[in-house]
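Participant:
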Amino acid sequence: MISGMVVGTSYTVITNDGTCPSQASAPFSNAAQLTAPAAPTIASLPPSCTADGGSGISNFNATYTYTFTPTGPTVVAPGAISGMVAGTGYTVVANDGTCPSQASATFSNAPQLVAPATPTINSTPATCLADGSSAIGNYNAAYTYTFTPAGPTVGGGGVITGMVTGTSYTVDANDGTCTSQTSAPFSNGGITAPPSTPTLTSVPESCTSDGITTITNYVANLSYIFTPAGPTVGAGGVISGTTPGTSYTVEATDGACTSTPSASFSNAAQFPTPTVNITGTLSYCAGLNTTLTANSSAPNFVWNDPGNTAVAAVTVTQGNYTVTVTDANNCTATASATVVENPLPNIAFTGNMSYCSGGNTTITATGGTTYAWSSGDATATATLTQGTYTVTVTDANNCVDSNSVTITENPTPVADFIFDPKCTGQEILFNNLSSGATDYAWTFGDGGTSVDVSPTYTYTNGGTFNVVLKASNATCSDTATKAVVVTQKPTAQFTASQTTLIQNQDALEITNTSTNADTWAWDFGDGNIGADAQPQHVYAQKGVYTVTLIASVAGGCADTFTRTNWVNVIEKPALYVPNLFSPNDDGVNDIFKIEGSGIKQMELKVYNRWGEKVFETKNENLGWDGYYGGKKVEPGVYSYHLSVTYDVLTTHKVSGTIILLR
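Residue numbers (this note's numbering): 3 to 664.
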């Protein structure tokens, strides 16, 4: 550590070890101490009625940074401090970026002054005896109160005097420093006049109501008080709920003031209503009438029937009847009755009005509750034979009528028929021999039916069937049943595994697949016939033949089946292969050609001695002319391969040689 240096003076230094000195050091000097910013000076403003107190830095420098303790406030040009909490003490330090200043003196902002509370007004409404009044509910004797408009004053307890009724006022309070918010507007109402005394008008009693009293100066928004209590007032001032003969007074009130009582009033009771009723029988049977009687203490009667206007008892027929009675007070009463004319019984009959000879029929009458037959029967149902009968019927209304019914005896039919049995698929005529019938119903035993007189019917299956004929007339019927035996018709059919045959060699072996047959008749198409179940036949001549089979069964049922152009009979196959030919264009033996009979297909290939194929054909009518590639081949021995398929579908393969000469 070097001490004793003069600030701003340049120095060097040499070190000596006691023997030799060192080189001098580089020059050096000490700079003067840095100058710190001045401590901030604070200027403060007192609080007001609308804001807290305020503070500012009077020696504010915009290039400095200011740090507050405690933290929170900030400062902006020209030194105004914001963010302070009222009542909290602060210090502030300024920093120029190198050195901080001394801390300022402690400072704080006083909180905003408190203004008086807004005056609250308590008002009393006007009464029938006095104007309304007002008082300041939160009155403070230390405050000064100012009214708008001017005039009122405040006394002890906050009572306000000097107000003009109907005028709206506001008031504010001042504590010598601050003024409160203005109160809500308020006013005092003037003294209230009582309602007018109710005036009344009355209507006397009548046949339909008690007497009625009405308040002629009725006001809908007033209430009405009756003495004694009970009545009420409705729209238009009409009073209801009074007791006939009781005296009442009524007062009107608006809720604050009440009128003087009205004059006394009472309502008389309604005149008594006369009574009337109608007695008598209210129904009668067709062709008669009935009597109605009006019963009443009233002396005067009027019926709606023009022929019976002023009497108590009237004779009437079907209709609606009304009687009106009138008493001494001219009050009326009415009674009505409906008179019904009941129809006579509607007599109807059910059952067969005819029956078959030797029998009877049961007839039922309807339309009543009791019955009396001329036959002596006393119920709705009577058992009758041929003749005319009368029934007398009484119904639930005690009305009586009669009706007649005629019964006829019909002859009984006789059912009969004949037929010829047939095979399935053939029509059978059923010849109807019935007598005394007009309608016929057939059932054929297999579900089939008919209503024809003499129908034809075809059975699809064989067997024994019961045929039933029901022969009927209007009321009677008879049934005939006969068994019909239906023979199942044969079905002719046959096949064969081989139908291409060699004449005089191969036999046609027929497989007979016919059904339901026991006799067979064959026609082989070449003039020959047969009767075997599974026949065989050899044809002597080549050709195409048609085969026919007639399959029969006992009873004459038969079926025919024909296979047309079915059998193809051919000659016995033959094959001839030459072993030499001379294709020298002399017209003799120039072509190597296969000959034969019964050939269906053929393939011939010829090779030279090197195995090269020089000729090929599948046409039995085409032979080799000794050329290959458009040139004559050399004489020599050539081999051939031949494959032949005959009409009988057998295949024959032959290989050999052929000599070609020129």
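No residue lacks a Cβ here, since even glycine has one placed at the ideal position from N, Cα and C.
Is residue 27 near the ligand MG, going by C-beta to nearest heavy atom under 7 angstroms?
Facilitator: The ligand MG is absent from the structure shown, which contains no ligand whatsoever.
Participant: Provide the residue span of the beta strand (DSSP E) that contains residue 565, from first to last.
Facilitator: The residue you call residue 565 lines up with position 563 of the sequence shown. That run of the beta strand (DSSP E) goes 559-572.
Participant: Would you please state the rounded distance, in angstroms, between the beta carbons of residue 104 and residue 41? I believe it to be under 8 angstroms.
Facilitator: As a first step, residue 104 must be located in the sequence shown, where it is residue number 102. As a first step, residue 41 must be located in the sequence shown, where it is residue number 39. The Cβ separation is near 4 angstroms, so the contact holds.
Participant: Would you give the residue range spanned by the beta strand (DSSP E) that residue 305 belongs to?
Facilitator: Working through the sequence shown from its first residue, we reach residue 305 at position 303. Start and end: 302-305.
Participant: Per DSSP, residue 538 forms a beta bridge with which residues?
Facilitator: Taking the sequence shown and counting its residues from 1, the one referred to as residue 538 is at position 536. 511.
Participant: Tell me the DSSP secondary structure of residue 237 in three-state form.
Facilitator: The count along the sequence shown starts at 1 and reaches residue 237 at position 235. Three-state result, residue 237: helix.
Participant: Give me, in chain order, the residues of the same chain whose beta-carbon lies closer than 7 angstroms to that of residue 320; leave out the 5 immediate sequence neighbours on both sides.
Facilitator: Taking the first residue of the sequence shown as position 1, residue 320 is located at position 318. So the list reads 341, 342 and 343, once near-sequence residues are dropped.
Participant: Which residues in the same chain as residue 213 place their Cβ atom closer than 7 angstroms to its Cβ, once the five residues preceding and following it in sequence are excluded?
Facilitator: Here residue 213 refers to the residue found at position 211 when the sequence shown is read from its first residue. Around residue 213: 204, 205, 206, 207, 269 and 270.
Participant: Starting from the C-beta of residue 339, find all residues in its chain whose C-beta is less than 7 angstroms away, skip the five residues before and the five after it, and write them out in chain order.
Facilitator: In the sequence shown, residue 339 corresponds to position 337, counting from 1. Correct list, in chain order: 280, 284, 294 and 323.
Participant: Between residue 362 and residue 410, what straight-line distance do the alpha-carbon atoms span, to the nearest angstrom?
Facilitator: The residue you call residue 362 lines up with position 360 of the sequence shown. The residue you call residue 410 lines up with position 408 of the sequence shown. Spanning the two alpha carbons is a distance of roughly 9 angstroms.
Participant: Indicate the three-state DSSP secondary structure (helix, strand or coil) for residue 159 in the structure shown.
Facilitator: Along the sequence shown, read from residue 1 onward, the residue named residue 159 stands at position 157. Of the three classes helix, strand and coil, the one that applies to residue 159 here is helix, per DSSP.
Participant: With a CB to CB cut of under 7 angstroms and the five nearest residues on each side skipped, what residues in its chain are close to residue 160?
Facilitator: Here residue 160 refers to the residue found at position 158 when the sequence shown is read from its first residue. These residues qualify, in order along the chain: 137, 138, 139 and 141.
Participant: Could you pull the DSSP bridge partners for residue 504 from this structure?
Facilitator: Numbered from its first residue, the sequence shown carries residue 504 at position 502. Paired residue(s): 572.
Participant: Given 8 angstroms as the limit, is there contact between the region 373-389 and the region 324-332, that is, 3 or more CB pairs closer than that?
Facilitator: Too few Cβ pairs lie closer than 8 angstroms, so no.
Participant: Buried or exposed for residue 527, please, with buried defined as at least 16 other CB atoms from any protein chain shown within 10 angstroms of its CB.
Facilitator: For the purposes of this step, residue 527 is identified with residue 525 of the sequence shown, where counting begins at 1. Per the 10 Å Cβ criterion, buried.
Participant: Would you mind working out which of 503, 546, 543 and 551 sits nearest residue 520, comparing C-alpha positions?
Facilitator: In the sequence shown, the residue the question calls residue 520 occupies position 518. Selected option, being the one with the closest Cα: 551.
Participant: So, residue 615 versus residue 607, is the Cβ gap smaller than 8 angstroms?
Facilitator: The residue labelled residue 615 in the question sits at position 613 within the sequence shown. The residue labelled residue 607 in the question sits at position 605 within the sequence shown. For residue 615 and residue 607, yes; Cβs fall inside 8 angstroms.
Participant: Report yes if the CB atom of residue 352 is closer than 8 angstroms to the CB atom of residue 368, and no otherwise.
Facilitator: Reading the sequence shown from its first residue, position 350 is the one you call residue 352. Reading the sequence shown from its first residue, position 366 is the one you call residue 368. It is a contact, given that the beta carbons lie within the stated cut-off.
Participant: Going by Cα to Cα distance, which pick from 133, 181, 601 and 169 is closest to residue 194?
Facilitator: Numbered from 1 along the sequence shown, position 192 holds the residue referred to as residue 194. Considering only alpha carbons, the answer is 133.
Participant: Using the DSSP secondary-structure output, state which residues sit across from residue 412 in a beta bridge.
Facilitator: Along the sequence shown, read from residue 1 onward, the residue named residue 412 stands at position 410. Answer is 358.
Participant: Is it the case that the region 410-419 contacts the region 470-482, given that we only count it when at least three CB pairs across the two stretches are under 8 angstroms?
Facilitator: With the cut-off at 8 angstroms, the region 470-482 and the region 410-419 touch.
Participant: Within this structure, are the beta carbons of residue 509 and residue 538 separated by less than 8 angstroms?
Facilitator: Mapped onto the sequence shown, residue 509 falls at position 507. Mapped onto the sequence shown, residue 538 falls at position 536. Yes. Within cutoff.
Participant: Once the 5 residues before and after residue 243 are set aside, which same chain residues still bring their CB inside 8 angstroms of it?
Facilitator: Your numbering for residue 243 matches position 241 in the sequence shown. Excluding positions up to five away in sequence, the list reads 232, 233 and 234.
Participant: Alpha carbons only, please: which of 30, 20 and 16 is nearest the one belonging to residue 8?
Facilitator: Position 6 of the sequence shown, counted from the first residue, corresponds to residue 8. Checking every option, the nearest Cα to that of residue 8 belongs to 30.
Participant: So, for residue 273: in the same chain, excluding its five sequence neighbours on each side, which residues have a beta-carbon less than 7 angstroms away from its beta-carbon?
Facilitator: Here residue 273 corresponds to residue number 271 of the sequence shown, with the count starting at 1. So the list reads 207, 208, 209, 331 and 333, once near-sequence residues are dropped.
Participant: Buried or exposed: which applies to residue 561, given that a residue is buried once 16 or more other Cβ atoms fall within 10 Å of its Cβ?
Facilitator: As a first step, residue 561 is located in the sequence shown; it is residue number 559 there, counting from the start. Buried: at least 16 other Cβ atoms inside 10 Å.
Participant: Whole angstroms are fine: how far does the CA of residue 6 sit from the CA of residue 34?
Facilitator: For the purposes of this step, residue 34 is identified with residue 32 of the sequence shown, where counting begins at 1. For the purposes of this step, residue 6 is identified with residue 4 of the sequence shown, where counting begins at 1. Taking the straight line from one Cα to the other gives about 14 angstroms.
Participant: For the beta strand (DSSP E) holding residue 124, just list the boundary residues, first then last.
Facilitator: The sequence position of residue 124 within the sequence shown is 122, counting from 1. Taken as a continuous stretch (DSSP letters only), the beta strand (DSSP E) holding residue 124 covers 123-126.
Participant: Pair every Cβ in the region 453-464 with every Cβ in the region 493-513, then say whether three or more of these pairs are closer than 8 angstroms.
Facilitator: No contact exists between the region 453-464 and the region 493-513.
Participant: Between the Cα of residue 423 and the Cα atoms of 251, 623 and 491, which residue gives the shortest distance?
Facilitator: Taking the first residue of the sequence shown as position 1, residue 423 is located at position 421. The shortest C-alpha separation from residue 423 is found at 491.
Participant: Provide the residue span of the beta strand (DSSP E) that contains residue 138, from first to last.
Facilitator: In the sequence shown, the residue the question calls residue 138 occupies position 136. 135-138 is the span of the beta strand (DSSP E), which, as asked, contains residue 138.
Participant: In whole angstroms, what is the alpha-carbon distance linking residue 49 and residue 88?
Facilitator: Taking the first residue of the sequence shown as position 1, residue 49 is located at position 47. Taking the first residue of the sequence shown as position 1, residue 88 is located at position 86. Their Cα atoms are separated by approximately 10 angstroms.
Participant: Are three or more beta carbon pairs between the region 167-183 and the region 142-149 nearer than 8 angstroms?
Facilitator: Enough Cβ pairs lie closer than 8 angstroms, so yes.
Participant: Classify residue 86 as helix, strand or coil using the three-state DSSP reduction.
Facilitator: Start at 1 with the first residue of the sequence shown, and residue 86 comes out as number 84. Coil at residue 86, not helix or strand.
Participant: Helix, strand or coil: how does DSSP classify residue 604 here?
Facilitator: Along the sequence shown, read from residue 1 onward, the residue named residue 604 stands at position 602. Strand at residue 604.
Participant: Look at the alpha carbon of residue 61 and the alpha carbon of residue 51, and state the distance between them as a whole number of angstroms.
Facilitator: Taking the sequence shown and counting its residues from 1, one reaches residue 61 at position 59. Taking the sequence shown and counting its residues from 1, one reaches residue 51 at position 49. Looking at the two C-alpha atoms, the distance is approximately 28 angstroms.
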